[in-house]
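J.:
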Amino acid sequence: MFFVHNAELGLNIPLELWNQIIASMRNHLTTGRACTDDIYSLLEIFGSCWPPSSPALQQHAFLLLDDFRNWIERTTPNDLLLARVSETICSLTRIIHYIVHYFVTDLVSSSRFAGFAKFVDDCTITLDIDTQSLRTGRSTWQEAKRTLITRSNLPLDYFSLIPTFVYPIHSDSSSSSTFSSESNSFR
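Just so we're aligned: 38 in this note's numbering is position 29 of the sequence shown, and the numbers increase by one with no gaps anywhere.
This is the structure:
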């Protein structure tokens with residue numbers, strides 16, 4: 010993490026060292042040595058490849074997302090998958106917030122990053138994970154998805170939308186019930 014913090018401070022880290030770090034992380038994922046506790050650090054390093062780096066490094070870092078996706082897809086049992094997807098959502102939310110507010114970069118507008126976020130979001134729906142409870146610092150997963158849609162010029166329905174239903178409210182003055190749904194709410 011020393012190197013990541015140095016990069017954030019604007020100190021020059023050689024490209025070859027970045028490539029070695031990414032290669033090591035990819036090996037960690039593909040050989041099955043990664044665990045849920047590693048998710049935050051791995052994605053934090055991935056996010057650090059953007060602000061002051063070269064396009065070659067960024068393309069190399071994108072391979073890490075492919076390995077990350079394969080690692081999640083190979084995960085069993087479901088309780089471990091739940092933990093990994095939940096932790097990934099929290100890490101992605103933090104990275105998106107951090108990059109959008111502190112750097113000028115094209116990571117958030119890239120189709121590969123949006124595709125990875127969509128994959129993870131689809132996992133939350135399949136696993137019925139309550140993303141509202143996965144708040145990270147100042148941002149939520151819903152806000153992160155809105156940011157991706159806006160910055161990447163994605164269609165509004167890029168992420169699967171789940172209607173939010175308002176249950177009937179019974180008042181003393183009226184016995185009628187009303188239902189409404191918001192099709193624009195993000196899960």
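The C-beta atom is built at its ideal place from N, Cα and C for all residues, glycine as well. Computed from a predicted model, the values in this text were never measured in an experiment.
1) DSSP state of Thr-145, grouped into three classes?
2) What is the rounded straight-line gap between the Cα of Ile-138 and the Cα of Thr-159?
3) Using a Cβ-Cβ cutoff of less than 7 Å, which residues in the same chain neighbour Arg-121 once the five nearest sequence positions on both sides are dropped?
4) In whole angstroms, what separates the C-alpha of Asp-88 from that of Ile-30?
5) Return helix, strand or coil for Val-117, following the three-state DSSP convention.
6) Suppose you measure from the CA of Ser-118 to the CA of Pro-23; what does that come to, to the nearest Å?
7) What did DSSP end up calling Trp-150 once you bin it into helix, strand or coil?
8) Helix, strand or coil: how does DSSP classify Ile-255 here?
9) Nearest to Cys-58 by CA position, among His-69, Glu-82, Ile-48, is which residue?
10) In whole angstroms, give me the CA-to-CA distance for Trp-27 and Ser-63.
11) If I follow the unbroken alpha helix (DSSP H) through Thr-97, where does it start and stop?
12) Can the beta-carbon of Asp-101 be found closer than 8 Å to that of Leu-52?
13) Between Trp-80 and Asn-21, what straight-line distance do the alpha-carbon atoms span, to the nearest angstrom?
14) Kindly indicate the opening and closing residues of the alpha helix (DSSP H) around Ser-57.
15) For Gly-129, which option in Leu-116, Leu-90, Val-109 has the closest C-alpha, if you only look at C-alpha atoms?
16) Where Asn-162 and Thr-156 are concerned, what is the direct C-alpha to C-alpha distance, given to the nearest angstrom?
17) Whose C-beta lies closer than 8 Å to the C-beta of Ile-108 among residues of the same chain, with five residues either side of it excluded?
18) Mapping DSSP to helix, strand and coil, what is Leu-74?
T.: Reading it off the structure:
1) Position 136 of the sequence shown, counted from the start, is the residue given in the question as residue 145. If DSSP states are grouped into helix, strand and coil, Thr-145 belongs with the strands.
2) Residue mapping note: residue 138 aligns to position 129 of the sequence shown, counting from 1. Residue mapping note: residue 159 aligns to position 150 of the sequence shown, counting from 1. Taking the straight line from one Cα to the other gives about 24 Å.
3) Here residue 121 corresponds to residue number 112 of the sequence shown, with the count starting at 1. So the list reads Phe-71, Leu-74, once near-sequence residues are dropped.
4) Here residue 88 refers to the residue found at position 79 when the sequence shown is read from its first residue. Here residue 30 refers to the residue found at position 21 when the sequence shown is read from its first residue. If I take the Cα positions, the gap works out to 29 Å.
5) Residue mapping note: residue 117 aligns to position 108 of the sequence shown, counting from 1. Val-117 falls in the coil class under three-state DSSP.
6) As a position in the sequence shown, residue 118 is number 109, starting the count at 1. As a position in the sequence shown, residue 23 is number 14, starting the count at 1. Looking at the two C-alpha atoms, the distance is approximately 26 Å.
7) Position 141 of the sequence shown, counting from 1, holds the residue named residue 150. Looking at Trp-150 - three-state DSSP - the assignment turns out to be helix.
8) Because the chain in this structure spans residues 10 to 196, residue 255 falls outside the shown range and cannot be described.
9) Taking the sequence shown and counting its residues from 1, one reaches residue 58 at position 49. Answer by Cα proximity: His-69.
10) The residue you call residue 27 lines up with position 18 of the sequence shown. The residue you call residue 63 lines up with position 54 of the sequence shown. Answer to the nearest angstrom: the Cα atoms are 10 Å apart.
11) Along the sequence shown, read from residue 1 onward, the residue named residue 97 stands at position 88. Run containing Thr-97: 87-111, per the alpha helix (DSSP H) assignment.
12) If you number the sequence shown from 1, residue 101 lands on position 92. If you number the sequence shown from 1, residue 52 lands on position 43. The sequence as given places Leu at residue 101; Asp does not occur at that position. Cβ atoms of Leu-101 and Leu-52: closer than 8 Å.
13) Position 71 of the sequence shown holds residue 80. Position 12 of the sequence shown holds residue 21. Their backbone Cα atoms lie some 31 Å apart in a straight line.
14) Position 48 of the sequence shown, counted from the start, is the residue given in the question as residue 57. Per DSSP, Ser-57 belongs to the alpha helix (DSSP H) from 48-57.
15) As a working mapping, residue 129 is identified with position 120 in the sequence shown. For the record, residue 129 in the displayed sequence is Val; it is not Gly. Val-129 has its Cα closest to that of Leu-90, out of Leu-116, Leu-90, Val-109.
16) Along the sequence shown, read from residue 1 onward, the residue named residue 162 stands at position 153. Along the sequence shown, read from residue 1 onward, the residue named residue 156 stands at position 147. Distance between the alpha carbons of Asn-162 and Thr-156 is about 10 Å.
17) Within the sequence shown, residue 108 is the residue found at index 99, counting from 1. Answer for Ile-108: Gly-56, Trp-59, Pro-60, Thr-114, Leu-116, Val-117, listed in chain order.
18) As a working note, residue 74 is residue 65 in the sequence shown. Leu-74: helix per DSSP, three-state reduction.
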